[in-house]
Each structure stands twice: as structure tokens, then as C-alpha cells.
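K.L.:
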Amino acid sequence: MANLNQTPSANRVHIAFFGRRNAGKSSVVNAVTGQALSIVSDVKGTTTDPVQKAMELLPVGPVVIIDTPGIDDEGDVGALRVQRARQVLNKTDVAVLVVDGSVGKTEDDKALCALFEKKGVPYLTVYNKSDLSAGQPVGENEIAVSALTGENIHALKEKLAALAQAGESHKVILGDLLEPGDHVVLVTPIDSSAPKGRMILPQVQAIRDILDARATCAVTQVEELAGVLAGLKTPPKLVVTDSQAFGKVKAIVPESIPLTSFSILFARYKGVLETAVRGAAALENLGEGDRILISEGCTHHRQCEDIGTVKLPGWIQKHTGKTFQFEFTSGGAFPEDLAPYALVVHCGGCMLNEREMQYRQSRAEESGVPYTNYGILIAYMNGILTRSLEPFEEYRDIL
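All residue numbers for the sequence shown refer to the UniProt record's numbering, where the first residue is 1 and numbers rise by one.
1) Just to confirm, is the Cβ distance from V96 to H14 under 7 angstroms?
2) Is it right to say N285 is buried, meaning 16 or more other beta carbons lie within 10 angstroms of its own, or is it exposed?
3) Can you give the beta carbon distance from T323 to G289, rounded, assuming they're within the 8 angstroms contact cut?
4) What are the uninterrupted segments assigned as beta strand (DSSP E) that are 3 or more residues long and contained completely in the UniProt domain "Hydrogen maturase F tetramerization" (275-391), given in chain order?
5) Of the choices K237, V32, V82 and R81, whose alpha-carbon is the least far from that of V60?
6) Restricting to Cα atoms, I'd like to know which of L238, Q244, A245 and G247 is closest to L259.
7) Quick check: the Cα distance between I398 and P370, rounded to an integer number of angstroms?
8) Below 7 angstroms CB to CB, which residues in the same chain sit around P189 once its five sequence neighbours on both sides are set aside?
9) Around the Cβ of S261, are there at least 16 other Cβ atoms within 10 angstroms (buried) or fewer (exposed)?
10) What does DSSP give as the partner residues of T220 in its beta bridges?
11) If you draw a straight line from the alpha carbon of T372 to that of S146, how long is it in whole angstroms?
12) Please report how far the alpha carbon of C304 lies from the alpha carbon of R278, in whole angstroms.
13) With distances taken from CA atoms, which of L293, Q325 and T234 is nearest R360?
14) Along the chain, where does the beta strand (DSSP E) containing S261 start, and where does it finish?
15) Leaving out five residues before and five after L177 in sequence, what residues of the same chain have Cβ atoms less than 7 angstroms from its Cβ?
16) Please name the residue in H170, V121, D212 and R12 whose C-alpha comes closest to that of N90.
17) Measuring CB atoms only, is the segment 171-186 touching the segment 212-221, in the sense that at least three cross pairs come out at less than 8 angstroms?
18) Here's the rule I'm using: 16 or more other beta-carbon atoms within 10 Å means buried, otherwise exposed. How should H346 be labelled?
19) By alpha-carbon positions, which one of Q87, A161, G383 and G101 ends up nearest to K25?
20) Along the chain, where does the beta strand (DSSP E) that runs through L56 open and close?
21) Taking 7 angstroms as the cut-off, decide whether the C-beta atoms of F18 and V29 are in contact.
22) Taking the beta carbon of E394 as the centre, do at least 16 other beta carbons fall within 10 Å, making it buried, or is it exposed?
23) Measuring CB to CB, does Q87 end up less than 7 angstroms from I66?
24) Below 7 angstroms between beta carbons: does that hold for K105 and V99?
25) When burial is assigned at 16 or more other CB atoms within 10 Å of the CB, is R20 buried or exposed?
26) For the beta strand (DSSP E) that E142 lies in, which residues bound it at each end?
27) In this structure, does DSSP put L178 in helix, strand or coil?
28) Can you tell which of S130, S367 and A36 has the C-alpha that lies nearest to the C-alpha of A339?
29) Please name the residue, chosen from A85, D93, C217 and R12, that lies closest to A54 on a Cα-to-Cα basis.
In C-alpha cells:
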């Protein structure tokens, strides 16, 4: 089990290193991190798959460092490596283009710069091997370094910190809905899919957010919820439930108490709530036999009552009275081509950073495919979505 004091990978700055083979990407990565994170060799194409590691990098803070295959790799296998390198960009907060300083920028390097700019990813150009060349003229977001001698590596880390801080998100999960002294009730069912001996990440992050807001919380299962509410001297400011329990919880929580879900909170936190709310209503327009993509951001052992592969398909077909073709992805896998699907249903994305979640949402929008998430769709099917949006003033009138 991961150390509970560690910053979740989804909340870390993702810094990815790109460039041609033998430009010295892996050497620069190792010099920046002070670790042998990547294998270094004079043989072209040593890095065959993206290599990533969560770590603390001063003066940036908690980061995920990613080393990618050479963008100029060749052959059929090389093309797959290049594709994987490009896919990394979908979750990259800060990109580092490593250029062979003895050669200068090539057309491949310039194409990468254009791609960074198209996707709106802030980036640095690093001219490596300054010990072997007279150096390249550098601009504000460029620097010449030597991974071999360590020249300017500290300055590179300072530049990375500046870029990371400029794009840093200060959003909170639910703290902005609370005042000091408010009380929140969190409904967290413990069933066969719950991780043994611990809570799932959204629940832990919600608790921390509540404490940061100087508020208090009670954590309960569905069966004890009525007793918890009855035992409070004043009604809670908010009740937050696991999406799977929406049907039971809505019957227990009075209409006068605001009610929402962890999944809805995380859709707002990741910046995809409005799209996901509009996408839920598309369920009514699906045709018999349509293909539905159900995508999870994490990878875990599937249980017999798994929400993504078992419960959601069952609920969807029961609600519509139709039979559909379901396809499933997990972890980093997500189709580039979404055109074959009539609907995309995504998890809350607690294991994916904001940039990747917004990329997945935008891919659906560009393909004209409705996009929603687990909790929002479940709330919609339970006839409670409008109520679940009441705590968020800016989203109340979407439906």
C-alpha cells in the first residue's frame, strides 16, 4: 500500500522529457532527478517505452517525471513507440524538449514545439551536451546544459519550478462550499470492491479538504446514515455519497439537506462537470445495439460486482430497456478514435491528473460523442441529478 502521506500522482506536476534518440533525454532526466531513473546508452532507442516515477523534486515539489522514447524512432515498432511518446503529452503539465546541443534543433524538434503549442502545454527547450559544443543561443524558455558535467542542471530545475508554479491549480474539491464550523456527512459503503484496510482516494482527499476548510465531518455507511443524521443537533451543510449508494441515500436524506456524490465533486474538480452533465441525458437517445465505452483511470482486480464492468452496464440496460455493446478500458488506455461509440462513461478520474481528464473529455467532444461519468449517470438514472447539482450555483441550470 502506498504511503498515505504521499501526494497522489493525480495531484503531482507531470513533467515529461521529449526529443530525438541520442539527444540525451535519459541522461538529462537522471541528472535532474539525481537518480538512475532511465537506462543510458550510446545505442539509439534505448528508451523503448515511457518510464515514469513519482518523486519529490526540489524546488518544484511533488512531481511525476516521465522519460519518453525518441520521437524519431523508425520501423513498425518504432512507430508504436513514437505514438506512446505522443500519448504522454495528454497528461503532461510541463514538457521538456531535449535537443542535442552539438546538432541544434532539427525538423523533428520543431514539430514537437509546434505540437506543444497546439496542445497548450508549457515547455522548455534544453540544449544538452554543452560540454561538447560552443552552445546554442538561448531564449527565455531555453537553456544549455551538460548532463555529463552537471552544468546548469540546477538552473534547469529552477526554470521547471517557475513553469510548474505558473500553471499550478489552486482548486479544491469541496472546501469552497464550506465555512469554518460547517459539518459534512460522507457516506462510504464498505463492500467487496472496497480496498481492504483502507479508504479509496476520493474519500481521503475529501476528508483532508474538509479539514483544510476548518469544517468537520462524519463518515458512515448507508445502514448507519439515518442514525447519524438523527444524532446531529443541526442538519449538516452537505451529504456526500458514493455513487453506488445514491438510490438508498436519496431516500434517507431529507430534501432540505444538500446531497451530492464524490464522483460529481471530482468531475467539477477536474473541470469536466458541465460536459458530463449534458452527456448523461444522451442516454435517452441511444439506439438498440449501440456501443458504449466505459473507461476507468485506474487498474484493479475486477470483482464479481465491479461497478464499471458489471453494475453500470446492468443499470444502463435496465433504465433504457435496451441492449448495448459495452467496451472497457482502464489505466492509461483510452482510444484515440471515439467515433464508433454512442456514449463515453468515465470514472471520476481520481488517479488521473486534470490535463488528462480534460483531454479525454475534449476527444469525445471533437468526435461528437456524448461524455459523462459514473456518478453523474447514476444520479441521472436515479432521478436525482438536478438535486445533486444544487450545491454548485454555477451548474444548477445546466439541465
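Idealized CB from N, CA, C, for every residue including glycine.
P.N.:
Working from what's here:
1) No, Cβ-Cβ distance for V96 and H14 is not below 7 angstroms.
2) exposed
3) 7 angstroms
4) Counting whole runs of 3 or more residues, the UniProt domain "Hydrogen maturase F tetramerization" (275-391) contains the beta strand (DSSP E) stretches 291-295, 325-329, 343-346 and 371-373.
5) V32
6) L238
7) 15 angstroms
8) Q221, V222, D242, Q244 and A245
9) buried
10) V187
11) 47 angstroms
12) Confidence at C304 is low in this model, with a pLDDT of 46, below 50, so its placement is unreliable and the value that follows should be read with caution. Cα atoms of C304 and R278: separation of roughly 30 angstroms, rounded to the nearest angstrom.
13) L293
14) L259 to S261
15) Cβ within range, chain order: L238 and P391.
16) V121
17) Yes, since at least three Cβ pairs between the segment 171-186 and the segment 212-221 fall closer than 8 angstroms, the two stretches touch.
18) buried
19) G101
20) The question names Leu, but residue 56 in the sequence shown is Glu. Start and end: V51 to L57.
21) no
22) exposed
23) no
24) yes
25) buried
26) E142 to A144
27) coil
28) S367
29) Among A85, D93, C217 and R12, the Cα nearest to that of A54 belongs to R12.
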